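Student:
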Amino acid sequence: MIKRIYVEKKQAVSNLADSLRKELNEQLKESIGSLRCFLRYDIEGLEDNDFNAAIRTVFSEPPVDDVYFEKLPNLKDYSVFAVEYLPGQYDLRADSAAQCVQLLTMGVRPEVRCATVYAISGAANIQKIQNYLVNPVDSRIAAGEKPSSLMQTILPPPNVKEIEGFRSFGKEQLQTFRKQHGLAMSIDDVQFVRQYFEDEGREPTETEIRVLDTYWSDHCRHTTFLTELKEILFDTKIPEIKEAYNEYQRIFKKHYEGRTDKYECLMDMATIGARELKSRGLLAALDESEEINACSIKVTAETSEGCKDYLVMFKNETHNHPTEIEPFGGAATCLGGAIRDPLSGRAYVYHAMRVTGAADITASADNTMAGKLPQRIITKEAARGFSSYGNQIGLATGIVAEVYHPGYVAKRLETGFVVGAAPAENVVRAKPQAGDIILLIGGETGRDGCGGATGSSKAHNAGSIETSGAEVQKGNPITERKIQRLFRNPDCTRLIKRCNDFGAGGVCVAIGELADGLLIDLNAVPKKYEGLSGTELAISE
Numbered sequence: 007m008i009k010r011i012y013v014e015k016k017q018a019v020s021n022l023a024d025s026l027r028k029e030l031n032e033q034l035k036e037s038i039g040s041l042r043c044f045l046r047y048d049i050e051g052l053e054d055n056d057f058n059a060a061i062r063t064v065f066s067e068p069p070v071d072d073v074y075f076e077k078l079p080n081l082k083d084y085s086v087f088a089v090e091y092l093p094g095q096y097d098l099r100a101d102s103a104a105q106c107v108q109l110l111t112m113g114v115r116p117e118v119r120c121a122t123v124y125a126i127s128g129a130a131n132i133q134k135i136q137n138y139l140v141n142p143v144d145s146r147i148a149a150g151e152k153p154s155s156l157m158q159t160i161l162p163p164p165n166v167k168e169i170e171g172f173r174s175f176g177k178e179q180l181q182t183f184r185k186q187h188g189l190a191m192s193i194d195d196v197q198f199v200r201q202y203f204e205d206e207g208r209e210p211t212e213t214e215i216r217v218l219d220t221y222w223s224d225h226c227r228h229t230t231f232l233t234e235l236k237e238i239l240f241d242t243k244i245p246e247i248k249e250a251y252n253e254y255q256r257i258f259k260k261h262y263e264g265r266t267d268k269y270e271c272l273m274d275m276a277t278i279g280a281r282e283l284k285s286r287g288l289l290a291a292l293d294e295s296e297e298i299n300a301c302s303i304k305v306t307a308e309t310s311e312g313c314k315d316y317l318v319m320f321k322n323e324t325h326n327h328p329t330e331i332e333p334f335g336g337a338a339t340c341l342g343g344a345i346r347d348p349l350s351g352r353a354y355v356y357h358a359m360r361v362t363g364a365a366d367i368t369a370s371a372d373n374t375m376a377g378k379l380p381q382r383i384i385t386k387e388a389a390r391g392f393s394s395y396g397n398q399i400g401l402a403t404g405i406v407a408e409v410y411h412p413g414y415v416a417k418r419l420e421t422g423f424v425v426g427a428a429p430a431e432n433v434v435r436a437k438p439q440a441g442d443i444i445l446l447i448g449g450e451t452g453r454d455g456c457g458g459a460t461g462s463s464k465a466h467n468a469g470s471i472e473t474s475g476a477e478v479q480k481g482n483p484i485t486e487r488k489i490q491r492l493f494r495n496p497d498c499t500r501l502i503k504r505c506n507d508f509g510a511g512g513v514c515v516a517i518g519e520l521a522d523g524l525l526i527d528l529n530a531v532p533k534k535y536e537g538l539s540g541t542e543l544a545i546s547e
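Going by our numbering, the letters in the sequence shown line up with residues 7 to 547, in that order.
1. Could you check whether the segment 285 to 305 touches the segment 315 to 323, counting it as contact only if at least three pairs of C-beta atoms, one from each stretch, sit closer than 8 Å?
2. Return helix, strand or coil for Glu323, following the three-state DSSP convention.
3. Cutting at 8 Å between CB atoms, please list the residues of its own chain near Phe240, excluding the five before and the five after it.
4. Taking the alpha-carbon positions, what's the Ala364 to Leu419 distance?
5. So for Met7, helix, strand or coil by DSSP?
6. Could you tell me whether the segment 163 to 170 touches the segment 135 to 152, using the rule of 3 or more Cβ pairs below 8 Å?
7. In the DSSP assignment, the beta strand (DSSP E) including Arg360 goes from what residue to what residue?
8. Which residue's Cα is closest to the Cα of Tyr221: Glu308, Lys177, Ile517 and Asp274?
9. What do you reckon, are the CB atoms on His357 and Ala428 nearer than 7 Å?
10. Alpha carbon to alpha carbon, what distance is there between Leu218 and Leu180?
11. Using alpha carbons as the reference points, say which of Met375, Thr329 and Glu209 lies closest to Phe392.
12. Would you mind giving the Cβ-Cβ distance between Ser37 and Ala129, rounded to the nearest angstrom? I have them listed as a contact below 8 Å.
13. Quick one: using the 10 Å Cβ neighbour count with 16 as the cut-off for buried, is Gly422 buried or exposed?
14. Taking just the CA atoms, how far does Ser394 sit from His325?
15. Does the distance from the C-beta atom of Ala60 to that of Val118 stay below 7 Å?
16. Give me the Cα-Cα distance between Val424 and Pro483, rounded to the nearest whole angstrom.
17. Here's the rule I'm using: 16 or more other beta-carbon atoms within 10 Å means buried, otherwise exposed. How should Asp267 be labelled?
18. In chain order, what residues of the same chain have a beta carbon less than 6 Å from the beta carbon of Asn467, not counting five sequence neighbours either side?
19. For the beta strand (DSSP E) containing Asp48, name the first residue and the last one.
20. Just the Cα atoms here: how many angstroms apart are Pro93 and Asn131?
21. What is the rounded straight-line gap between the Cα of Leu272 and the Cα of His187?
22. Does the structure place the segment 306 to 316 close enough to the segment 363 to 379 that three or more beta carbon pairs sit under 8 Å?
23. So what does DSSP say about Leu317, is it helix, strand or coil?
24. Suppose the cutoff is 7 Å on Cβ atoms and the five residues either side in sequence are ignored; what does the same chain contact list for Ala121 look like?
25. Only counting runs of 3 or more residues, tell me where the beta strand (DSSP E) segments fall wholly within the segment 502 to 545, in order along the chain.
26. With the cut-off set at 7 Å, would you say Thr541 and Glu212 are in Cβ contact?
27. What does the Cβ neighbour count give for Met191, buried or exposed, with the cut at 16 atoms within 10 Å?
28. Which partner residues does Glu117 have in the DSSP bridge list?
29. Enumerate in chain order the residues of its own chain whose CB-to-CB distance from Ile526 is below 8 Å, with the five nearest sequence positions on each side excluded.
30. Within a Cβ cutoff of 6 Å, which residues of the same chain sit near Pro380, ignoring the five residues on either side of it in sequence?
31. Verify whether the separation of the beta carbon atoms of Phe172 and Pro210 is less than 7 Å.
32. Applying the 10 Å Cβ sphere with the 16-neighbour rule, what's the burial state of Arg256?
33. In or out: Phe75 buried (at least 16 other Cβ within 10 Å) or exposed?
34. Given that a residue counts as buried once 16 or more other Cβ atoms are within 10 Å of its Cβ, and exposed if not, what is Gln158?
35. Looking only at its chain, what residues have a beta carbon closer than 6 Å to the beta carbon of Glu282, apart from the 5 residues adjacent to it on each side?
36. Should Arg346 and Phe493 be called a contact, given that it needs their Cβ atoms to be closer than 7 Å?
Spelled out as structure tokens, the structure:
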């Protein structure tokens, strides 16, 4: 039997509801007289005694919350609607509540669903308010009726299919195929893939196409930065730029004389400085290995036990696209994603920095660019997401800066920087051998995060916000915190030959950076729910 409760902050501490009422009136030019917010929980699988105990310890805080059973209080003259996550989107609040209830009862984990209920009086345009509060990327208006069951009906995933006729597709057919499947690959890439499978004498599977699309996305392959630069023009009013380019050409010729595999590109401009400094003997502290993780340097640290050799690791992450379409999750996983790289290097992450860019957050919502969320929504929800993740994982952020400029209305800037460290003796780097065990640890995989690499690499339009929901991963800071603590144990980290994180692209990208070839059983991947196809398991972040 499903039990339903509504939890509302007591009037004396209803600051968030009051703040939201003022924001809606200011942004939407409404005249809301009163706004009340309730958290609606549907719980299945709890006996009465356990349910009553959970209400007081998990679902509410008696000193500051009022709890209503099964029905809302009298809301005459209020317009009422509820907002919930889309099916397949990870709900951290509901998941955490279910885990806490299981810890409380030491029994079976219950099913929990959560929604936010808004009760509004005095407003004329409820549809406009709903459009402001509901991000179609990950949420929807929820039904008011209590469901008969919280158990999802899971259809068995379809078998991975071959793409019939792919080898014989002409250019126009390939263009149609590319659009139908929402591929990030260019038409030239797709033609190259078609030729490969024609030479192989077989049709590709859907999974193979999706994996190639992920690997060749701008996110993973850095297509833009690796584009060859053949004709460069300069503004003569800024001579320093041309002087810097001439210096780059000198260093390029010095290091790559006679090499046909090297060419001028933005990526080489960004990285050749390290090569030059190394040649001068100025990077003695650089820690080099075959691992593809965070930048790592060797230092001697003063500890309570005397001087010890440490590895200090740095990483920055940009989440401009995901934060723009789903601010909370995008900014949260900007921090979580940055942490993953030094964590994969077996370092404990101690400190963070956040630098963002936004347009005018005081502008009216009526001035929002088509297909985008209001700047105020993006900025506030992104700040909430970043701080939520940092607070839950236990990471201090010392610098938080937001730059305001009209240019950021076209594309949000969301960057996170972290620094971590580990005793050098705890980090073993060895070459993987046949027969080694591949261990996957962390949170469960779901549809959120599917296509994250390709999604952030595409050109977007006014309709992107309606169709890109699955591309934004919902992070799990509690699980990442557990791994942080686990990796402080040298008995664990010294067993690891090589480690990599699940970034955008999921298992299909992570395994390629571990060894030349691996045998992966996708059936063994922990899942948030059943019904995921082989393709989804292969590419989901």
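The beta-carbon is built from N, C-alpha and C at its ideal position, and this holds for glycine as well. Please read these numbers as outputs of a predicted model, since none were measured by experiment.
Tutor: In brief:
1. The segment 285 to 305, when compared against the segment 315 to 323, does touch it at the 8 Å Cβ threshold.
2. Of the three classes helix, strand and coil, the one that applies to Glu323 here is strand, per DSSP.
3. Setting aside the 5 residues that flank it on each side, Phe240 is surrounded in the same chain by Ile247, Lys248 and Tyr251, each with a C-beta closer than 8 Å to its C-beta; the list follows chain order.
4. Cα to Cα, the separation comes out at about 7 Å.
5. Reduced to three states, the DSSP call for Met7 is coil.
6. Counting Cβ pairs under 8 Å, fewer than three are found: no touch.
7. Per DSSP, Arg360 belongs to the beta strand (DSSP E) from Tyr354 to Ala364.
8. If we check each option's Cα against that of Tyr221, Ile517 comes out closest.
9. No, the pair does not count as a contact, with Cβ atoms beyond the cut-off.
10. Their Cα atoms are separated by approximately 15 Å.
11. Check the Cα spacing between Phe392 and each of Met375, Thr329 and Glu209: the tightest is with Thr329.
12. 7 Å between Cβ atoms; contact.
13. Burial call: buried.
14. Rounded to the nearest angstrom, the two C-alpha atoms are 16 Å apart.
15. No. Outside cutoff.
16. Their backbone Cα atoms lie some 15 Å apart in a straight line.
17. By the neighbour-count rule (16 or more Cβ atoms within 10 Å), Asp267 is not buried but exposed.
18. Note that Asn467 has pLDDT 47, beneath the 50 cutoff, so the model's placement of it is unreliable and the number below is only indicative. Same-chain partners within the cutoff: there are none.
19. Looking at the DSSP string, the run of the beta strand (DSSP E) that includes Asp48 is Ser40 to Glu50.
20. Cα-Cα distance, rounded: 27 Å.
21. Cα-Cα distance, rounded: 30 Å.
22. With a cut-off of 8 Å, the segment 306 to 316 and the segment 363 to 379 do not count as touching, because too few Cβ pairs lie within range.
23. Leu317: strand per DSSP, three-state reduction.
24. Counting only Cβ-Cβ distances below 7 Å, and skipping sequence neighbours, we find Arg46, Ala88, Val89, Glu90 and Ala148.
25. The segment 502 to 545 contains no whole beta strand (DSSP E) run of 3 or more residues.
26. Closer than 7 Å, so yes.
27. Answer is buried; the Cβ neighbour count reaches 16.
28. DSSP lists Glu50 as partners of Glu117.
29. Result list for Ile526: Ile444, Val513 and Ile517, in chain order.
30. Apart from the 5 residues on each side of it in sequence, Pro380 sits with its Cβ closer than 6 Å to the Cβ of Ala371 and Thr374 in its chain, given in chain order.
31. Cβ distance < 7 Å, so Phe172 and Pro210 count as in contact.
32. Per the 10 Å Cβ criterion, exposed.
33. By the 10 Å Cβ count, Phe75 comes out exposed.
34. Exposure of Gln158 is indicated by the presence of fewer than 16 other C-beta atoms within 10 angstroms of its C-beta.
35. Setting aside the 5 residues that flank it on each side, Glu282 is surrounded in the same chain by Ile257, each with a C-beta closer than 6 Å to its C-beta; the list follows chain order.
36. No. Outside cutoff.
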